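Colleague: Taken in sequence, the protein lines are chains R and L.
So the mapping is simple: the numbering used here equals the position in the first sequence, first residue as 1, plus 1.
So the mapping is simple: the numbering used here equals the position in the second sequence, first residue as 1, plus 172.
Yeah, the Cβ is synthetic: ideal placement off N, Cα and C, and Gly gets one too.
These numbers come from a predicted model, not from an experiment.
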Amino acid sequence: MSAGATEERRGRGRRARSRLPSALSTAVGRIPRAGLVCALVATLNAAAWSLVAVPFQIPDESSHYSYVEYLVEHGRPPAPSPIRWSPSLKAVLTDLDTERVILMPLSGTIWNRVERLRLVRDLAHVRGRDGNGGSLSDIPEPPLYYALQTVPFAVGGGGDVLDRLELMRLLSALFAGATVLGVFLFLREALPAHPWTWSVGALAVAFLPLFALMSAGVNPDNLLFAISAAVFFMLARSFRRGLSTRRAVAIGALLALGFMTKMNFVGLLPGAILGLFVAAARERRSWRPGTFRLPLLALAVAAAPALALVALNVLAWERPAFGTGLYSTAAAHSSVPQALAYAWEFYLPRLPGMPSFGLFPFPVRDLWFRGLVGGLGWFEAFFAPWVYDVALIPALTVLALALATLRRRRAAVRGRLAELAVYGALAAGVLLLVAIASYDLYVRRLGDAAEARYLLPLLPLYAGMLALATRGAGARRMRLVGTAIVMLAIAHNAFGLLLEASRYYAA
Amino acid sequence: MGSVPATIAAGWLLLAAGLAVLMSQSAIRQAGSNRVPLEAAIGKLAAGQRFCQRGEVVPAGTAALRAYAYPIARRSGTLTVTVRSDASGAIVARGVAVGEPGYEPILVPVRPAVRDETPATVCLASAGGSPLGLAGEPSGTGSTTVDGRPLRGALRIVYLQPHAESWWRFLPTFLSRMSAGERWSGAQAALLVLLLSLTAAGIASWQLARQRR
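(1) Using 8 Å as the threshold, is the C-beta distance between residue 488(R) and residue 375(L) below it?
(2) Report the option in 223(R), 319(R) and 382(R) whose CA atom is closest to the CA atom of residue 265(R).
(3) Could you please give the first and the last residue of the uninterrupted beta strand (DSSP E) stretch that includes residue 216(L)?
(4) Evaluate contact between the segment 161-174 of chain R and the segment 430-443 of chain R, counting only Cβ atoms and requiring at least three cross-stretch pairs below 8 Å.
(5) With a threshold of 8 Å between beta carbons, is residue 392(L) in contact with chain R?
(6) Can the beta-carbon of residue 191(R) be found closer than 8 Å to that of residue 425(R)?
(7) By how many angstroms is the C-alpha of residue 380(L) removed from the C-alpha of residue 182(R)?
(8) Taking beta-carbon pairs under 7 Å, can you tell me which members of the segment 369-384 of chain L lie near chain R?
(9) For residue 327(R), count neighbouring Cβ atoms within 10 angstroms of its own Cβ and tell me buried if that reaches 16, exposed if not.
(10) Confirm, please, whether the CB-CB distance from residue 207(L) to residue 293(L) is below 8 Å.
(11) Quick one: list the residues of chain L neighbouring residue 200(R), beta-carbon separation under 9 Å, in chain order.
(12) Taking DSSP as the reference, what is the three-state secondary structure of residue 331(L)?
(13) Any idea what DSSP makes of residue 67(R), helix, strand or coil?
(14) Write down every uninterrupted run of the alpha helix (DSSP H) in the segment 104-155 of chain R whose length is 4 residues or greater and which is fully enclosed by it, in chain order.
(15) Our contact map puts residue 239(L) next to residue 327(L) with C-beta atoms below 8 Å; I'd like the distance itself, whole angstroms only.
(16) Classify residue 330(R) as helix, strand or coil using the three-state DSSP reduction.
(17) Return the CA-CA distance between residue 330(R) and residue 306(R), expressed in angstroms with no decimal places.
(18) Which of the three DSSP states is assigned to residue 97(R) in this structure?
(19) Can a CB atom of chain L be found closer than 8 Å to the CB of residue 484(R)?
(20) Run through DSSP, which three-state label would residue 242(L) get?
(21) Measuring only the C-alpha atoms, how far is residue 297(R) from residue 246(R)?
(22) Assuming residue 278(L) is part of the alpha helix (DSSP H), what are its boundary residues?
(23) Please confirm if residue 115(R) has its CB atom under 8 Å from at least one CB of chain L.
(24) Could you give the C-beta distance for residue 372(R) and residue 300(R), rounded to a whole number, given that I count them as a contact under 8 Å?
(25) For a contact defined as C-beta to C-beta under 9 Å, what are the partners of residue 387(R) on chain L?
(26) Does any C-beta atom of chain L lie closer than 8 Å to the C-beta of residue 109(R)?
(27) Can you give the Cα-Cα distance for residue 358(L) and residue 410(R), rounded to whole angstroms?
(28) Hey, does residue 273(L) have any beta-carbon neighbour from chain R nearer than 8 Å?
(29) Are the C-beta of residue 214(L) and some C-beta of chain R separated by less than 8 Å?
(30) With DSSP as the reference, please indicate the residues paired to residue 204(L) in a beta bridge.
(31) How far does the alpha helix (DSSP H) with residue 383(L) in it reach, from first residue to last?
(32) Determine the closest residue to residue 366(R) out of 379(R), 391(R), 355(R) and 302(R), with distance taken between C-alpha atoms.
(33) When the cut-off is 8 Å and only beta carbons count, does residue 86(R) lie next to chain L?
(34) Would you give the residue range spanned by the beta strand (DSSP E) that residue 264(L) belongs to?
(35) I want to verify the contact list: residues of chain L whose CB lies under 7 Å from the CB of residue 24(R), in sequence order.
(36) Taking its Cβ as the centre, do 16 or more other Cβ atoms sit within 10 Å of residue 317(R), making it buried, or is it exposed?
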């Protein structure tokens with residue numbers, strides 16, 4: 002090997018490295034400033050929530066922290082085994098009386114001197130990190146989010162459990178920004194006519210209290226929301242500008258990232274695959290085999306890392322290939338008709354002749370709407386009951402305005418029916434997955450998965466509805482309605498923050 | 173075009189007014205609780221018996237206790253509550269109440285109000301009337317006795333402040349509670365939260381107002 006050839010290779014390497022930041026800065030430079038501003042708003046707001054939310058009182062946070070801790074200590078994700086916290090985490094959970102605070106909404110967090118001194122003492126002296134990675138139901142989750150969280154964990158390595166937790170929460174806040182940016186970009190592609198409404202939808206998402214609460218905690222949901230928003234964006238972009246090779250690879254990469262982030266992502270897969278094929282067929286205006294080269298390329302890109310992860314799970318990590326726990330459908334005493342009836346009643350009122358599963362009489366209002374408006378804390382802190390009744394007024398108004406826009410633009414809607422069907426399939430996949438997971442819990446007598454946070458991968462559609470509603474007010478009143486929507490979201494966020502704080506500090 | 177700044181201004185005014193109304197609401201608030209969950213009955217307290225629970229930390233400012241003891245059939249007899257300091261062995265507060273039938277826990281005002289946070293033993297003595305059902309956590313820590321005999325389980329007790337106060341007046345107490353781990357004071361944490369929230373909301377408002385299309 003000559004010195005000249007080596008030098009040339011080094012030169013190529015240097016040029017490639019210098020191209021990378023420049024490509025990145027070009028990509029960032031192409032993002033509208035308004036989108037970056039919305040992302041900044043979401044990050045700041047989630048950071049505020051992270052300071053209010055009591056440590057380990059955001060759903061399952063202790064298990065997710067434990068997973069990251071195990072990953073840092075052992076360089077691999079945990080294998081399922083009965084729960085065993087590390088000494089340092091166990092001491093903090095005990096000192097914060099975490100379990101009892103969760104169990105008893107009328108009990109605040111610790112606030113007397115004796116308990117606080119005990120916590121401070123243990124934070125300083127109990128440093129052991131030898132746990133087994135959290136609870137059985139979370140361990141099978143894929144490792145991507147946890148791997149990213151090892152960075153703030155390592156940065157806070159010299160600190161105590163609460164220092165590390167806060168740093169990890171700040172990374173989650175950045176994912177909130179990424180989600181809102183994805184939502185903004187989705188709106189730009191899907192509803193391009195009125196740029197101002199993109200900010201309305203994105204900002205309303207940034208200030209949604211349930212989203213802010215989840216974004217304030219350590220939970221793979223946060224990366225899932227960001228990837229889901231990016232999938233919506235890329236699909237919308239492919240519908241509007243065509244499915245290019247680069248876009249197909251990008252969608253494939255997003256699918257791979259989603260699969261490596263949280264098993265719930267499989268709910269989006271059918272819709273995403275449908276989207277790829279529909280976009281390709283629209284591009285070529287045919288359904289011939291050659292039409293689907295790009296969708297197949299995207300699926301190959303998605304499958305390669307996913308298969309590698311499955312292989313690592315089975316061959317190296319002694320973990321379930323695809324994850325089990327909440328996602329097992331191999332439950333005893335289950336049946337397809339019963340599962341379908343359960344899925345129906347999970348969202349809609351029970352029809353005559355259907356079995357009763359003890360769910361709510363009108364789940365859309367009593368469970369999902371109520372949860373989205375304000376089921377904070379560990380989903381047990383609620384506003385006064387009248388708030389949910391009053392909240393129906395703006396919610397129904399927004400719905401009516403959005404429908405009015407669709408009606409007024411019905412010619413355009415007809416031209417985009419296939420695209421709308423893809424968004425519908427994405428939503429249906431998520432709804433069905435949550436219902437099936439809940440049914441699985443039901444037949445195993447482990448409760449249910451009726452938590453509004455599981456619908457947050459559909460935030461782009463929520464934002465789309467708000468953007469449509471803004472347009473529905475007509476050209477003269479559009480800015481008035483859009484501003485009112487965002488101001489209402491800001492107020493909702495403020496009162497949500499106070500509800501969260503009062504749940505723990507003024508019970 | 174002028175509608176955006178005007179709507180934003182109106183929104184901020186309404187939000188400020190709403191927060192002011194909320195902060196003015198008065199209620200008797202918790203001084204603290206032993207966070208024992210209400211899971212099940214842990215036992216009964218018959219007339220003439222005395223129930224004691226060690227290991228309580230009675231918060232500063234406690235002027236009443238809500239002991240989760242319920243008259244089982246009819247009006248209870250007199251229920252006497254004593255708070256005995258672990259440090260001095262002296263009774264630092266005492267109160268008497270009568271429970272009405274139903275599922276409402278008995279509210280017992282105590283005198284004098286407990287000035288400082290006090291590790292203590294809380295005792296309930298029933299004198300006549302219906303037996304009382306005791307509720308809390310059946311698998312509690314074994315620091316409870318009835319007439320000196322160990323009783324498995326822990327009674328839920330909530331400690332209440334002396335009088336109703338608005339959120340404005342309650343704010344210093346509220347902030348002092350926001351500092352678990354002592355990495356910063358509650359006031360510093362609250363200030364940072366306020367700063368972050370206001371910045372986020374301010375930028376959002378500016379974004380709406382500045383964008384022309």
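Modeller: Taking the geometry as given:
(1) To locate residue 488(R), count along the first sequence from 1; it is residue 487. To locate residue 375(L), count along the second sequence from 1; it is residue 203. Contact flag unset, no.
(2) For the purposes of this step, residue 265(R) is taken as residue 264 along the first sequence, with counting starting at 1. Ranking the options by Cα distance to residue 265(R), first place goes to 223(R).
(3) The residue you call residue 216(L) lines up with position 44 of the second sequence. That run of the beta strand (DSSP E) goes 212-217.
(4) Taking 8 Å as the limit for Cβ pairs, the verdict is that the segment 430-443 of chain R does not touch the segment 161-174 of chain R.
(5) No statement about residue 392(L) is possible, as the shown extent of chain L runs from 173 to 385 and does not include it.
(6) What you label residue 191(R) is simply residue 190 of the first sequence in a count that begins at 1. What you label residue 425(R) is simply residue 424 of the first sequence in a count that begins at 1. Result no, Cβ atoms of residue 191(R) and residue 425(R) do not sit closer than 8 Å.
(7) Against the first sequence, residue 182(R) aligns to sequence position 181. Against the second sequence, residue 380(L) aligns to sequence position 208. Whole-angstrom Cα-Cα distance: 16 Å.
(8) 369, 371, 372, 373, 375, 376, 379, 380 and 383
(9) One-based indexing of the first sequence puts residue 327(R) at position 326. Model confidence at residue 327(R) stands at a pLDDT of 44, short of 50, so the residue's coordinates are unreliable and nothing is read from them.
(10) Here residue 293(L) is taken as the residue at index 121 of the second sequence, counted from 1. Here residue 207(L) is taken as the residue at index 35 of the second sequence, counted from 1. It is not a contact, given that the beta carbons lie outside the stated cut-off.
(11) The residue given as residue 200(R) occupies position 199 in the first sequence. The answer, in chain order, is 376, 379, 380 and 383.
(12) As a working mapping, residue 331(L) is identified with position 159 in the second sequence. Looking at residue 331(L) - three-state DSSP - the assignment turns out to be strand.
(13) Here residue 67(R) corresponds to residue number 66 of the first sequence, with the count starting at 1. Helix.
(14) You should have 114-126.
(15) Sequence index remark: in the second sequence, residue 239(L) carries index 67 (1-based). Sequence index remark: in the second sequence, residue 327(L) carries index 155 (1-based). Rounded, the Cβ-Cβ distance is 7 Å, consistent with contact.
(16) To locate residue 330(R), count along the first sequence from 1; it is residue 329. Confidence at residue 330(R) is low in this model, with a pLDDT of 46, below 50, so its placement is unreliable and the value that follows should be read with caution. In this structure, residue 330(R) counts as coil in the three-state DSSP scheme.
(17) By one-based count along the first sequence, residue 330(R) stands at place 329. By one-based count along the first sequence, residue 306(R) stands at place 305. Any reading at residue 330(R) needs caution, since the residue's pLDDT is 46, under 50, leaving its predicted position unreliable; the model's value is listed next. Taking the straight line joining both Cα atoms gives about 24 Å.
(18) Taking the first sequence and counting its residues from 1, the one referred to as residue 97(R) is at position 96. Coil at residue 97(R), not helix or strand.
(19) In the first sequence, counting from the first residue as 1, residue 484(R) sits at position 483. Interface criterion met: the Cβ of residue 484(R) is under 8 Å from a Cβ in chain L.
(20) If you number the second sequence from 1, residue 242(L) lands on position 70. Residue 242(L) sits in a strand when the DSSP states are folded into three classes.
(21) For the purposes of this step, residue 297(R) is identified with residue 296 of the first sequence, where counting begins at 1. For the purposes of this step, residue 246(R) is identified with residue 245 of the first sequence, where counting begins at 1. Looking at the two C-alpha atoms, the distance is approximately 11 Å.
(22) Indexing the second sequence from 1 puts residue 278(L) at position 106. It is not in any alpha helix (DSSP H) - residue 278(L) instead sits in the beta strand (DSSP E) that spans 278-286.
(23) In the first sequence, counting from the first residue as 1, residue 115(R) sits at position 114. So yes, residue 115(R) belongs to the interface.
(24) On the first sequence, position 371 is the one that residue 372(R) refers to. On the first sequence, position 299 is the one that residue 300(R) refers to. At roughly 34 Å, the Cβ-Cβ gap does not stay under 8 Å, so residue 372(R) and residue 300(R) are not in contact.
(25) As a position in the first sequence, residue 387(R) is number 386, starting the count at 1. Within 9 Å Cβ-Cβ: nothing; residue 387(R) doesn't reach chain L, min ~14 Å.
(26) Here residue 109(R) is taken as the residue at index 108 of the first sequence, counted from 1. Output row for residue 109(R): interface = yes.
(27) What you label residue 358(L) is simply residue 186 of the second sequence in a count that begins at 1. What you label residue 410(R) is simply residue 409 of the first sequence in a count that begins at 1. Going from the Cα of residue 358(L) to the Cα of residue 410(R) covers about 52 Å.
(28) The sequence position of residue 273(L) within the second sequence is 101, counting from 1. No, no contact with chain R.
(29) Looking up residue 214(L) in the second sequence gives position 42. Interface with chain R (8 Å Cβ-Cβ cutoff): residue 214(L) is excluded.
(30) Walking along the second sequence from the start, residue 204(L) turns up at place 32. According to DSSP, residue 204(L) bridges with 331(L).
(31) Numbered from 1 along the second sequence, position 211 holds the residue referred to as residue 383(L). From DSSP, residue 383(L) is part of no alpha helix (DSSP H); its letter is neither H nor E.
(32) Start at 1 with the first residue of the first sequence, and residue 366(R) comes out as number 365. Per the Cα distances, 391(R).
(33) On the first sequence, position 85 is the one that residue 86(R) refers to. It does not: the Cβ of residue 86(R) has no partner Cβ on chain L nearer than 8 Å.
(34) If you number the second sequence from 1, residue 264(L) lands on position 92. Run containing residue 264(L): 263-270, per the beta strand (DSSP E) assignment.
(35) Position 23 of the first sequence, counted from the first residue, corresponds to residue 24(R). Chain L residues near residue 24(R): none, gap ~27 Å exceeds 7 Å.
(36) In the first sequence, residue 317(R) corresponds to position 316, counting from 1. Per the 10 Å Cβ criterion, exposed.
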